[in-house]
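Working notes for the structure below.
Residue numbers (full-length UniProt numbering): 1 to 690.
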C-alpha cells in the first residue's frame, strides 16, 4: 500500500533530523577531542561542560518548524546547530528572537508564519507531526492539528521526573519566560499552570540572552530535595548545566537540621521581628562599665576609666562594622589607652640618683629639660642633634608598636577585653536567644543563624548570585527572605508560587508584604491562568475548599477533561492502612501517588514495602502533602484528609495541594465521616478504580 501524505512528510523530516544528529555527533566528537587534549584544569572544565551540554540535548533535539510567508523554513530545537564551513543555521535555539513566533503566533496574529509544525521524536526517530495553518495560503498536511501536541504531552504517563515543556510552551507562558530581567518578577499561578516549567525555562532563556549571568551564577531554590531531584533533568535538557540548586536549608551547609519545630514555634521564628531581637541580643553582649577597670600587665596595674571605655565603644560603633570586626577597633582603642598609661608610669618611676623624676611635667608627655638632665645624670646620653629637635619621649614609635602587640597578646588583657566586648559565633547568639542549644537545629533556625552570622561578621565565603529563582516561593518566611536577599545583592529574581497553596505556618500571605521591605516597588506580578495538568473534574471538587478558605481567588481554568469523576471511600481508623494498601495494589495504570497525613507514613510504608524517603521513580510513591508540593502523578490517593486538614494552621492549603497533583484520577480514603470540604465527592463502594 502506498505511503499516505503524513508518512511522506514524516520521511522528509526524518532525513532532516538525521542530518542534524550527524552534525551533533561531529560537534560532540570535536569537544571530546579538545577535552582530551586540554593542558590545564580550566580548559578541561570548559570542554567538559561543552560535552555535557551536547549530551543533554540528545533527546528531542529538534521539535519544531516554521514556514514563513517569505518562503523561509526555520527549524527550532534545544540549541543552535550550524553547518560546518559556512556557518549556515541548520537548527535555531528556541531562545533566539526568531523562534519566539513558534510559541506566540496565532491565526489572528501570525507574525509572518504561514504554518507551524510540531515534530515529535522518540530517540532519533520522527514519530509524529502536528501542523497548524496560520493563514489561508498554507497547505495543511495530514496529522494532528490544534492543541493535540499539548494535550498529548500532559496526558502521557508520569515517570517520576519532570520533563521540560519547550516543545509545547503556550503564549501566556512564553511572555513570562521572555520578560525583561531587572527587579523581581513574581509568577502567581494555581495548580497545573506550569509555574515550575516556566521558571526553569526562564532560567535557560536568561542564561542565553545574558551571558554575564554564567559568571555571576544562577541559584534555583526549591521546597525540598525531593522536588529538586524531580526537576533535575529539565535544565540539562535545555542545554544548561551550570545552575546551582538548593533548598533554603542548603544555603547554610554548616548547619545540620535534626529536629522539627511545632507549627507555632516555626511561625514565631519566621517573623521579621526576629531580626530585631537578634540585633538586640548581639548589642547586649557589649558591656559598658560604670566603675574603673584595673588591668594587670608585667607587674603593673593599669586603670581604665568608664570614660575611656565609652570613647572606645563609640568609635567602634561609628565604624559601621559587624560585631566581631568592630570588636577589633574597640580592642585597638583600649590597648592604645593602656599603652599610653604604661609609658606614663614608666617615665614617672625612672629616678636619678638625686631623686629627680623623669617627665618634668611636659603636658604632651614628652621629655622636658628636667628629664634630660636626670637622664644625663643617670648615664643616658642624649645626642645634641636630638636635643635640637626638642624634648624626646622615653620610647619611640617602634617601641610603642611592640608594646601594643605585647598587650594584645597578653592573656590577662585579652580576658578583660573579652569581658567588655566578647567574640561571638552565630550558634551562641541564636542558642542564647532561644535557649535551645542542646536540642539541635530546625529548618526555622537556619535563617536565624544566617542573620546572626551577618550581624557578627561571620559571612566570609558566602556565595552570591546574579539571579535567583524560587519555586514554591509562598513557603518562605520573612526571615527566609532576608537570608535569600543576602545571596542576591542585585535583587534580580524570578519567584513562582501560589498563595492558596501556602503550607508553612510562617509562609507568605502577601507578595507585597514580604518583598517591599527589600525591593520597595521594584517587583512585578504576572499571572498564569490556564491549568494544563489537572482535569476539570478534579478542579470542580476543589471549588468548595478554595471558596471556603480563599474567597475571591479564581481557580485556574482546566483545558482538559478525563471523564473520570473523583471519588471517596469511607473506612474505620483500624482498617485505614489495609484499605489504602488494597486500593494501591488494585491500581495498575500509570504512576500512583499516595498522599497521607504524617502519622500514616510509616505504617503505610511498611504495609506497601515503599521507600521512605520516597522514590519518585517507583510505580507507587508515598508522601506527605508537603513533600508532594510541585509534583504530579497519573493518579492520586489521599489517605486521612481530616488528618491533613488538622495537622497545621494551613492544613486546608495542604489538602488543596494533595487534591491537585493528579493528571487523571483522584481518590480519597477517609476514616469516619468525610470532611465537609469533601462531602460532595462521589462515594465509592468497594476497592475499584473504575
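All residues carry an ideal CB built from backbone N, CA and C; glycine is no exception.
query: The alpha helix (DSSP H) spanning residue 404 covers which residue range?; result: 397-409
query: Taking only runs that begin and end inside the stretch 263-322, name each unbroken beta strand (DSSP E) of 3 or more residues, in chain order.; result: 293-297, 300-304
query: Assign residue 670 to one of two classes, buried (16 or more other C-beta atoms within 10 Å of its C-beta) or exposed (fewer than that).; result: buried
query: With C-beta atoms as the reference, is residue 569 less than 8 Å away from residue 645?; result: no
query: Using 8 Å for Cβ pairs, my map puts residue 566 next to residue 666. What's the rounded Cβ distance?; result: 4 Å
query: Using the Cβ count rule (16 or more neighbours within 10 Å means buried), how would you classify residue 212?; result: exposed
query: For residue 558, which three-state DSSP category applies?; result: strand
query: Spatial neighbours of residue 112 within its chain, please: CB distance less than 6 Å, with the 5 preceding and 5 following residues excluded, ordered by chain position.; result: 68, 69
query: Please confirm whether residue 694 and residue 607 have their CB atoms less than 8 Å apart.; result: Residue 694 lies beyond the range of the chain shown here (1 to 690); nothing can be said about it.
query: At which residue ranges does the stretch 512-596 contain complete alpha helix (DSSP H) runs of 4 or more residues, listed in the order of the chain?; result: 536-541, 543-549, 576-586
query: What residues match up with residue 670 in a beta bridge as DSSP calls it?; result: 570
query: CA-CA distance, residue 518 and residue 485?; result: 7 Å
query: Decide if residue 17 is buried, meaning its Cβ has at least 16 other Cβ atoms within 10 Å, or exposed.; result: buried
query: Given a cut-off of 8 Å, decide if residue 75 and residue 91 are closer than it, judged by their beta-carbon atoms.; result: yes
query: Using the C-alpha atoms, what's the distance from residue 125 back to residue 29?; result: 21 Å
query: How should residue 86 be labelled, buried or exposed, when 16 other C-beta atoms within 10 angstroms of its C-beta is the threshold for buried?; result: exposed
query: Tell me whether residue 5 is buried or exposed, calling it buried when 16 or more other Cβ atoms sit within 10 Å of its Cβ.; result: exposed
query: If we ignore side chains and look at the alpha-carbon of each, how far apart do residue 138 and residue 114 end up?; result: Note that residue 138 has pLDDT 45, beneath the 50 cutoff, so the model's placement of it is unreliable and the number below is only indicative. Taking the straight line joining both Cα atoms gives about 6 Å.
query: Between which two residues does the alpha helix (DSSP H) carrying residue 27 extend?; result: 5-37
query: Check whether the Cβ atoms of residue 680 and residue 541 sit closer than 8 Å, and answer yes or no.; result: yes
query: Using a Cβ-Cβ cut-off of 6 Å (strictly less than) and excluding sequence neighbours within five positions of residue 488, which residues of its own chain qualify?; result: 465, 468
query: Among 127, 52, 314, which has the Cα closest to the Cα of residue 240?; result: 52
query: In terms of residues, what are the limits of the beta strand (DSSP E) holding residue 467?; result: 467-470
query: Starting from the C-beta of residue 510, find all residues in its chain whose C-beta is less than 8 Å away, skip the five residues before and the five after it, and write them out in chain order.; result: 499
query: What residue from 446, 61, 638 has the CA that sits closest to residue 274's CA?; result: 446
query: Given this structure, state the Cα-to-Cα distance separating residue 266 from residue 479, to the nearest angstrom.; result: 11 Å
query: Would you check if the stretch 520-528 and the stretch 178-187 touch, i.e. whether three or more CB-CB distances between them fall below 8 Å?; result: yes
query: Cutting at 8 Å between CB atoms, please list the residues of its own chain near residue 287, excluding the five before and the five after it.; result: 419, 420, 421
query: Contact check, residue 129 vs residue 13 under 8 Å by CB: the rounded distance?; result: 7 Å
query: Determine the contact status of residue 433 and residue 255, defining contact as a CB-CB distance below 8 Å.; result: no
query: Does residue 231 come out as helix, strand or coil in the three-state DSSP assignment?; result: coil
query: Can you give me the C-alpha to C-alpha distance between residue 169 and residue 458, rounded to a whole angstrom?; result: 44 Å
query: Counting pairs of beta carbons, one from the stretch 235-252 and one from the stretch 639-656, are three or more of them closer than 8 Å?; result: no
query: Given residue 80, which residues of its chain have a CB within under 8 Å of its CB, disregarding the five upstream and five downstream residues?; result: 89, 91, 92, 93, 96
query: Mark residue 318 as exposed unless 16 or more other C-beta atoms lie within 10 angstroms of its C-beta, in which case mark it buried.; result: exposed
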